[in-house]
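Input: a single structure, listed below in structure tokens.
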Amino acid sequence: PHASARALAAPAFAPRAASAAAKRFAASKAGGEVAGAGAAAAPKAAESWWTSAAWWGGAGAIAAWGMTGSAIYDALTAGPELISLPMTGVLIVYSSLFARWAWIVEPRNLALCACHATNVVAQCNQIRRAVQAKYDSGDPAEREEVILQGTRAAGAAAAGGVIILGAPSLQAWLVAAELGPISAIAAAPAGPFSVHFWAPMSKWFISGASFLELDRPTDKVSLTLYSALTLTGLFFTRYSLLVTPVNYMLCGVNVALFGSSAWHLGRKVKADYID
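Sequence positions in the sequence shown follow this note's numbering and run 4 to 278.
Next comes the structure, spelled out in structure tokens:
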């Protein structure tokens, strides 16, 4: 009898319980909509230029365009004796990687991507001019330098090709091996298997080339190129901390680039306009 009574009471209780649950859901939904409307109505805080990735990315792109423009300007007005083969080769690799980086970083930087794609073409033309001038000079030492630099470039390109082809398999193995920090680094968005790592690494080569040529004669220092590199280092130091993923390596290398390029720029200005 008791079971029968409960069975008879259940249908009467179920609608009441369902009705109460529905009311609670409706109330919570209404409350959420009101809260959402309030949040939407609240004024959005204005973004400061200091925290704007678009602002710093745009400034960095303008500075980088100065570097590209300097290569074009030098090709039109300056002799090929100003061209440093090691630095120009590094700039080709650097701009190739940064064109890719600017395309996939968040927020995407189309101006920077176009700038670096153009710079690859401009720097290749600089390489052509320098090689042709050294061969036309008839100096055996100049020709030997071209052969040496060409051999080094070919070796670096071959090594890079092997690394690029084998990288996906190596990354998958390291991540699956569960090697603790090593696997975590391999899987990181800005880790060594991503362009977020290698783009700033190529910039270290630019800084290194500048540091290795700290005593480069000032008559062979391009004012436009090192002005652009100095500004690029300045702007990208901040920009690297505002993009996704945040890139601390890019920040560090731009501090170094700013210092080394400013050194060459200061020497050039002192020699040409002060002394």
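Even for Gly, the Cβ is constructed at its ideal location relative to N, Cα and C.
_Please return the same chain residues whose Cβ sits closer than 6 Å to the Cβ of Val134, not counting the five positions on each side in sequence._
Val149
*What do you reckon, are the CB atoms on Ala64 and Ala114 nearer than 8 Å?*
Between Ala64 and Ala114, the CB-CB gap stays under 8 Å.
*Could you check the C-alpha separation between Tyr76 and Glu109 for me, to the nearest Å?*
31 Å
*In this structure, does DSSP put Glu147 in helix, strand or coil?*
helix
*Would you kindly check if the distance between the Cβ of Trp59 and the Cβ of Tyr242 is under 8 Å?*
yes
_For Phe208, the nearest candidate out of Ala159, Ala187, Val124 and Leu85 (CA to CA)_ = Ala159
_According to DSSP, residues forming a beta bridge with Asn109_ = Checking the displayed sequence, the identity of residue 109 turns out to be Glu instead of Asn. Its beta-bridge partners are Thr247.
_Test item: CB-CB of Val178 and Ser186 under 8 Å_ = Remark: C-beta atoms of Val178 and Ser186 approach each other more closely than 8 Å.
*Just to confirm, are Leu234 and Ala66 a CB contact at a threshold of 8 Å?*
The Cβ atoms of Leu234 and Ala66 sit closer than 8 Å to each other.
*Any contact of the stretch 191-206 with the stretch 249-266, i.e. 3+ C-beta pairs under 8 Å?*
yes
*asked:* Only counting the same chain, and skipping five residues up and downstream in sequence, which positions put a Cβ closer than 7 Å to that of Gly61?
replied: Ala114
*Ala157: buried (16+ other C-beta within 10 angstroms of its C-beta) or exposed?*
exposed
*First and last residue of the uninterrupted alpha helix (DSSP H) at Leu232*: Leu226 to Tyr242
*Return helix, strand or coil for Asp222, following the three-state DSSP convention.*
In the displayed model, Asp222 falls within a helix according to three-state DSSP.
_Pop quiz: Leu232 and Met70 are said to be a contact at Cβ under 8 Å. What is the actual Cβ separation, rounded to whole angstroms?_
6 Å
*Whole angstroms is fine: what's the gap from Cys116's alpha carbon to Trp106's?*
6 Å
*Express the C-alpha separation of Leu182 and Thr154 in angstroms, rounding to a whole number.*
Going from the Cα of Thr154 to the Cα of Leu182 covers about 38 Å.
*Residues of its chain near Ile95, where Cβ-Cβ distance is below 7 Å and the 5 sequence neighbours each way are ignored*: Val123, Gln126 and Cys127.
*asked:* One question on the structure: do Val224 and Lys271 come within less than 8 Å of each other, judged by their Cβ atoms?
replied: Contact annotation: Val224 and Lys271 have beta-carbon atoms nearer than 8 Å.
_Buried or exposed for Trp104, going by 16 or more other Cβ atoms inside 10 Å?_
buried
*Under 8 Å by Cβ, that's how I've got Ala74 and Gln152 pegged, so tell me the actual separation to the nearest angstrom.*
Going by Cβ atoms, the distance from Ala74 to Gln152 rounds to 18 Å, so no, they are not a contact pair.
_Would Tyr138 and Arg146 qualify as a contact pair, given that the criterion is a beta-carbon distance under 8 Å?_
By the CB criterion at 8 Å, Tyr138 and Arg146 fall inside the cutoff.
*Could you check the C-alpha separation between Leu245 and Phe239 for me, to the nearest Å?*
10 Å
*Pull up the CB-CB distance for Glu84 and Ala136, whole angstroms please, since I reckon it's below 8 Å.*
7 Å
*asked:* I need the DSSP call for Glu84, collapsed to helix, strand or coil.
replied: helix
*What are the start and end residues of the alpha helix (DSSP H) that includes Ala187?*
Start and end: Pro184 to Ala190.
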